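One structure below.
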Amino acid sequence: MTALHYVLQLEKKYAKLGKDILKKFGWLDLGRKAYSEEGGVHICFPVHQDFFAVFHEINHHTRDTFDGKNEATFSKPLIREQYMFKELSCSDALTLLHEYGAIVSAAKIVEERKTAKSPLKVMTEAITSLIEHRGLLPRLLEELPARFFL
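Read in this note's numbering, the sequence shown has 44 at position 45, and its numbers run on one by one without any break.
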């Protein structure tokens, strides 16, 4: 599969653990938004392209069925509460994701997160736009009282 963006799809009941695992190992793409599918039954987390390769490789090594969508048939997902999250290894994390029925596929929806802007930056951009729109001198921006920029 050659796509620009990938998502890891999990059932909603396993979404919290899945997200924690993805964040811990740096696989979660924080620049894009997660979204739900099938009326909220599944949650799709944006992942980096390198995660697809790792996930595909673990599928290949475990000799699970692979039909081009990276979908594998799993028995009933196991709940492993005995794992200490801090001690979870990369291979154990991937195994858990497999056991929870994780599917990696190309992203159907690619929605970038809005980056937060500080009030100072928002105000500066607004005043700059106003000054340019009115045809005033840009140096007027420098003459604003310093207390506005604290």
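We put the beta carbon where it would ideally sit given N, CA and C, even for glycine. Nothing here was measured: the structure is a model prediction, and the numbers come from that model.
| Query | Result |
| --- | --- |
| Best match in Arg31, Gly134 and Asp49 for proximity to Ile108 [C-alpha to C-alpha] | Arg31 |
| Whether His4 touches Ala105 by CB criterion (8 Å) | yes |
| Contact under 8 Å by Cβ, Phe24 with Val103 | no |
| As assigned by DSSP and simplified to three states, the class of Ala105 | strand |
| Range of the contiguous beta strand (DSSP E) that encloses Val46 | His41 to Val46 |
| Coarse secondary structure for Tyr13, derived from DSSP in three states | helix |
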